[in-house]
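Counted from 1, the sequence shown has number 101 at position 101 by UniProt numbering; the numbering is strictly sequential. Ideal Cβ placement from N, Cα and C applies to all residues, glycine included. Model, not experiment: these values are computed from the prediction. What follows is a single structure, written as structure tokens, with notes after it.
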Amino acid sequence: MKIQELADLMGLTPHTIRFYEKEGLLDGRHIQREKNNYRNYSDEAIERLRLIKKFQGIGCSLAELKTILQDHDTNERTNQEVIEWILQKINEIERKKEEYDHMLLTLNWMLTYRKLLNEDPQQAEAMMAELRLKINI
């Protein structure tokens, strides 16, 4: 199939698919060049792109994707190594979640404060005074 057909099928852009090819995520098993130099994608390309999207969905970087796909192709990692990688990914996501939770708390505090400035400036000032005490300003 041609690149636009594959892009439409996978919900990607042709540019993204070319980028994956350039980065080595898709190779000769997935892409054949015709005489006119057009790319022709195999059914294996569909499975490869599904795998890429799956790992992107859990927050994998391009470097991680390259390693994961290489490991997938060569089947060199032991089950225990895969388990350890999964545990590291879980820890990374939990750390990010804590950061996002902290950001949300801060934003909600800011929103409450700003609304109080309109509705009850004295209460807003009391909120600010309480914050200053907490952070020793």
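CB of residue i within 8 Å of CB of residue j, strictly
i: Leu-6; j: Tyr-38; result: no
i: Asp-58; j: Leu-9; result: The sequence shown places Ile at residue 58, not Asp. No; because the gap between Cβ atoms is not below 8 Å, this pair is not in contact.
i: Leu-62; j: Arg-48; result: no
Cβ neighbours of residue i in the same chain (closer than 6 Å, five flanking residues each side left out)
i: His-15; result: none
i: His-102; result: none
i: Met-1; result: Tyr-41
Spatial neighbours of residue i in its chain, beta-carbon cut-off 7 Å, leaving aside the 5 residues before and after
i: Gln-70; result: none
i: Glu-44; result: Arg-29, His-30
i: Lys-22; result: none
One or two residues paired with residue i in a DSSP bridge
i: Asn-108; result: Asn-108 is not bridged to any residue.
i: Arg-39; result: Arg-33
Close Cβ partners of residue i (< 8 Å) along its chain, the five nearest in sequence each way excluded
i: Gln-4; result: Pro-14
i: Ile-86; result: none
i: Glu-94; result: none
i: Thr-106; result: none
Cβ distance (whole Å) where residue i is taken to contact residue j below 8 Å
i: Tyr-20; j: Ile-68; result: Not quite, the Cβ-Cβ distance comes to about 13 Å (not below 8 Å), so this is no contact.
i: Gly-24; j: Lys-66; result: 7 Å
i: Met-127; j: Leu-111; result: In fact, because the Cβ distance is near 12 Å, the residues do not count as touching under 8 Å.
i: Tyr-113; j: Ala-129; result: 11 Å between Cβ atoms; not a contact.
Of the listed residues the options, nearest to residue i (C-alpha basis)
i: Cys-60; options: Arg-77, Thr-78, Gln-88; result: Gln-88
i: Val-82; options: Asp-120, Leu-133, Glu-64; result: Glu-64
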